[in-house]
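Encoded as structure tokens, the structure appears first; notes follow it.
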Amino acid sequence: MTKHIEEMYRHDMLTGLYNRTGFYNALETLPRRNDQLALVVSVDVDGLKYINDNFGHEAGDYAIRAAANAIDSVSIENKVCGRFGGDELALFAIVDTDLAEQVKEEIKDKMAELNRHCGKSYVLSVSVGAAVAPVENFWFDDVMHIADKYMYEDKRLKPHNRI
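All letters in the sequence shown, in the order written, are residues 4 to 166 by the numbering used here.
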């Protein structure tokens, strides 16, 4: 397989993060010990439909890239970041202590900082959920389901997302 085709197979072209296939392959390669924790973070861009409908799809792409940059900038070594589709992003890392709250705040702080400097006429925001589980007997999809639940709870708590 040529390097370019391999890159397309494993990475999302819009964000540069892993796509779902690349993500699942990469998370298996992270070194781990049984006394560590698996950290799974689920991120969803808030108001993407509003941004797309009112400012165009280029603005929506900008919002997705901003969220991707926010999770990719999290200060954890050996993390895997991916775009699962649309505006759904994920981060996975093997950690020694529960960093779920720290990572959530780091992502939200990065988005707030971007809003202060980007000059957009709309607010860039994400909903974030995180969960940890012992690495021993760990199943990514089970922990991702819990992180998703927390992410949707975060989304529901925002006034502009209430139905």
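Cβ coordinates follow ideal geometry from the N, Cα and C atoms, glycine included.
Since the structure is predicted, the reported quantities are computational estimates derived from the model, not experimental observations.
Query                                                                                                  : Result
Under the three-state DSSP convention, the category tyrosine 1 falls into                              : The shown model of the chain, from 4 to 166, leaves out residue 1, and the question about it has no answer.
Exposure of asparagine 22, with buried meaning 16 or more beta-carbon neighbours within 10 Å           : buried
Under the three-state DSSP convention, the category proline 34 falls into                              : coil
Candidates Thr5, Lys161, Val138 and Leu117, of which the one nearest glutamate 31 by Cα                : Val138
Cβ-based neighbour list, aspartate 101, same chain, cut-off 7 Å, excluding 5 preceding and 5 following : Leu40 and Val135
Neighbour-count burial assignment, threonine 18, 16 or more Cβ in a 10 Å radius                        : buried
CB of valine 48 within 8 Å of CB of alanine 70, strictly                                               : yes
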